[in-house]
Ligand SMILES: *[C@@H]1O[C@H](CO)[C@@H](O)[C@H](O)[C@H]1NC(C)=O
């Protein structure tokens, strides 16, 4: 419980300071915890998030997702209402808080499950694979890629109901979260909360596995525990992952918004689009996606590192105070 309160207060501080993250630049508290990695090219510091106990991983992951999704909620409302086919008549300003309760309330369990599953999967992979590979940059990228895919898939159990309820509120299908919950349950039962499951999971798995693994690779290269640097690397990871997955996003949007017979596969779909509309079609909607996914990756991943760093530091302090 104490570590939860601690993590939440760190998270709150982080949330306030994100725009001027330099204020957060702690005097590299993690230096002495580094090591054990990258035999070639000198010792690299291990990311703080990888030094956590299972309980700390859960707390840091929950807090990181909560911070990220709370800060980005207004942007998410704008995004959802721009894409929606039909919605209520409220003004933009009125709508900014719609769906905040399911968004924030479910962000913590989603984050806890996600980061816990990533940790478990990564540890299992690292145990199964040769040591040399696991400690190389490629190995770190690959294990994180697969682990993050597992994390996103597991988090789907919470993420899909979160999307269904929050988006229903955002477009004013439901006046509030409670009505959303009871209406969906009454009309469609539990299955109602998993509407669009395949689309949501596919998107989450592709983008999360890439952003998590690119972030881990960048952290490895940068060899830094400076929060400002970590938030910047998070944006870069989010952008690169968004770019790489964008063609699929374009194809998915076309499929979901078209009325025709859609029996062609994703790649055939893409080839058809490029032939009919030119390659520029692959860039459509890219800017709004970058605007949202850069900050999302940064806030989730770097906040997780910052909280992890604080937890590790607090643990070191407690050990020195109690043990020595
Ligand atoms: C990474 O950073 C640590 C601590 O700042 C330092 O001791 C180490 O030499 C660095 N490793 C490389 C390869 O730059």
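Residue numbers (mature numbering (1 follows the signal peptide of the UniProt record, and there is no 0)): -23 to -1, 1 to 301.
Just so it is clear, CB atoms sit at the ideal spot from N, CA and C, and this is done for glycine as well.
Let me check understanding here. Comparing Cα to Cα, which of the options lies closest to residue i?
i: residue 270; options: 106, 20, 50, 28; result: 50
i: residue 155; options: 104, 253, 75; result: 75
i: residue 20; options: 243, 199, 279, 298; result: 199
i: residue 222; options: 183, 59, 202, 230; result: 183
i: residue 78; options: 139, 181, 37; result: 139
i: residue 86; options: 273, 245, 137, 71; result: 137
i: residue 250; options: 91, 71, 229, 161; result: 229
i: residue 45; options: 120, 100, 192, 211; result: 211
i: residue 275; options: 204, 125, 174; result: 204
i: residue 171; options: 147, 192, 201, 134; result: 134
i: residue 104; options: 243, 226, 280, 124; result: 124
i: residue 263; options: 192, 147, 215, 41; result: 215
Counting along the chain, where does the alpha helix (DSSP H) carrying residue i start and finish?
i: residue 184; result: 174 to 199
i: residue 128; result: 114 to 147
i: residue 165; result: 154 to 165
i: residue 267; result: 263 to 274
i: residue 55; result: 50 to 60
i: residue 81; result: 77 to 105
Using only the alpha-carbon positions, how far apart do residue i and residue j sit?
i: residue 338; j: residue 26; result: Residue 338 lies beyond the range of the chain shown here (-23 to 301); nothing can be said about it.
i: residue 283; j: residue 159; result: 38 Å
i: residue 195; j: residue 24; result: 11 Å
i: residue 277; j: residue 218; result: 14 Å
i: residue 88; j: residue 43; result: 7 Å
i: residue 256; j: residue 57; result: 26 Å
i: residue 231; j: residue 54; result: 21 Å
i: residue 176; j: residue 293; result: 43 Å
i: residue 145; j: residue 157; result: 7 Å
i: residue 109; j: residue 63; result: 54 Å
i: residue 291; j: residue 37; result: 13 Å
i: residue 116; j: residue 101; result: 13 Å
i: residue 165; j: residue 67; result: 27 Å
Only counting the same chain, and skipping five residues up and downstream in sequence, which positions put a Cβ closer than 6 Å to that of residue i?
i: residue 65; result: 149
i: residue 288; result: 33
i: residue 96; result: 34
i: residue 127; result: 94, 98
i: residue 296; result: none
Spatial neighbours of residue i within its chain, please: CB distance less than 8 Å, with the 5 preceding and 5 following residues excluded, ordered by chain position.
i: residue 122; result: 186, 187, 189, 190
Should residue i be flagged as near chain C, meaning a C-beta pair shorter than 8 Å?
i: residue 280; result: Structure shown: chain C not included; a single protein chain is present.
In chain order, what residues of the same chain lie with their CB nearer than 7 Å to the CB of residue i, ignoring the 5 residues before and after it?
i: residue 130; result: 178, 182
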